[in-house]
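The sequence shown finishes on residue 284 if you use the working numbering, and the numbering steps up by one all the way, no holes.
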Amino acid sequence: MGKPPNTRPGPSTRTRVRRLTGAVAVDRRDDLATEEPLEVRLATPGGGHRTVAITMRTPGHDFELAAGFLLGEGAVRPGGIASIAYCTDEDLPPAARYNTVTVRLRGPVPELPALDRHFVTSSACGVCGAAGLDNLHERCRPLPEDGLRITPKILYGLPDALRRAQGVFGKTGGLHAAGLFTAEGARVAVREDVGRHNAVDKLVGWAGLSERLPLSGHMLMVSGRAGYEILQKALAAGIPTVCAVSAPSSLAVDLAREFGMTLVGFLRGEGCNVYAGRERIVVE
């Protein structure tokens, strides 16, 4: 049993399951994290459009997801988005219209190699290869020494603070989260999604659309591992410190060290590993 046809998808979907406990079977209702495709289009002169990405995501905060993706890829600068809207093409079924967003830029549509083709992103977070670091240097500068100092006590409180803000995860148990925190550990915003990098895109998109970029003086906490894409998106948003419950990838560590970022992994209980930018972590 899924959602009714021709309705706007929500972040969770009801289903029926048979729960087995020992030799006892009980049929009951369950909630699943919704996974639906989202097509991101750029409006072109003359009323046309250009598809730049299709990603599998959890519906909700779709405009932020589109904005964050474009900002992270360097396709648009902060303040460069004029409008974002769901598709109104009459040839699409009603439900599909909420799976397509069109972004209108204030300037011309950029001619970037990454946007010269129709490509699909997955809901997983992948390492892009060492060549990605060279390309990143062309559009991002190392983050300046910002004087940001964080105590271990603040770090140790981040995972629980993130978990408490995961409303959909509480229902489904099947979502990742990305949270933005101040250096004092105060929660600023949290976004959830089936994909780690989608959750970060939603967070960056929220900041971009609300004119909060760059996010200097803040920390990003993610519920899974810290791959290259997570660090790339944080760098594009000007976030100096990235913390993860699980491990980072080797390329993520390289990126953090090259661009002056602090990277914390295996942040659980009262322990963690600091892979880069240890000067921001103050140990008394």
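Each residue gets a CB set at the ideal place from its N, CA and C atoms; glycine is no exception.
How far does the alpha helix (DSSP H) with residue i in it extend, from its first residue to its last?
i	result
Ala256	250 to 258
Tyr228	228 to 236
His203	Here residue 203 is Leu; the residue named in the question, His, does not match the sequence. 196 to 209 is the span of the alpha helix (DSSP H), which, as asked, contains Leu203.
Arg97	94 to 97
Could you check which residue in the options has the C-alpha nearest to that of residue i?
i	options	result
Val26	Ala33, Leu32, Arg18	Arg18
Arg106	Gly47, Ala82, Val283	Ala82
Arg149	His176, Ala165, Gly46, Thr182	Thr182
Thr241	Glu258, Asp254, Met221, Arg225	Met221
Leu264	Arg225, Met56, Leu92, Leu235	According to the sequence displayed, residue 264 carries Val and not Leu. Comparing Cα positions, the closest option is Arg225.
Gln285	Cys272, Arg104, Leu133, Thr15	What is shown of the chain runs 1 to 284, which leaves residue 285 out entirely.
Thr151	Thr100, Pro108, Cys272, Thr15	Cys272
Pro108	Arg16, Asn135, Gly46, Pro142	Gly46
Ala234	Leu71, Arg29, Thr44, Asp30	Leu71
Counting only the same chain and skipping the five closest in sequence on each side, list residues whose C-beta sits under 7 Å from that of residue i.
i	result
Val127	Residue placement at Val127 cannot be trusted, given a pLDDT of 41 that sits under 50; the coordinates are not used to answer.
Phe69	Val40, Ala53, Asp201
Glu279	none
Among residues of its own chain, excluding the 5 on either side of residue i, which ones have a beta-carbon nearer than 6 Å to its beta-carbon?
i	result
Tyr156	Glu270
Gly185	Ile154, Gly157
Glu138	none
Ala247	Arg225, Gly265
Within the same chain, show all residues whose beta-carbon is closer than 8 Å to that of residue i, passing over the 5 residues directly before and after it, in chain order.
i	result
His61	Arg191, Lys202, Gly205, Trp206
Tyr98	Arg8, Pro9, Pro59, Asp62, Tyr86
Glu35	Met56, Arg57, Thr58, Ser123, Val194
Please report the residue range of the beta strand (DSSP E) in which residue i lies.
i	result
Arg16	12 to 21
Tyr275	271 to 276
What does DSSP give as the partner residues of residue i in its beta bridges?
i	result
His176	Asp193
Thr44	Gly48
Gly265	Asn273
Leu105	Ile81
Leu220	Leu180, Val242
If residue i and residue j are in contact, beta carbons under 8 Å, what's the gap, nearest whole angstrom?
i	j	result
Val103	Leu20	Incorrect: roughly 46 Å between the Cβ atoms, too far for contact.
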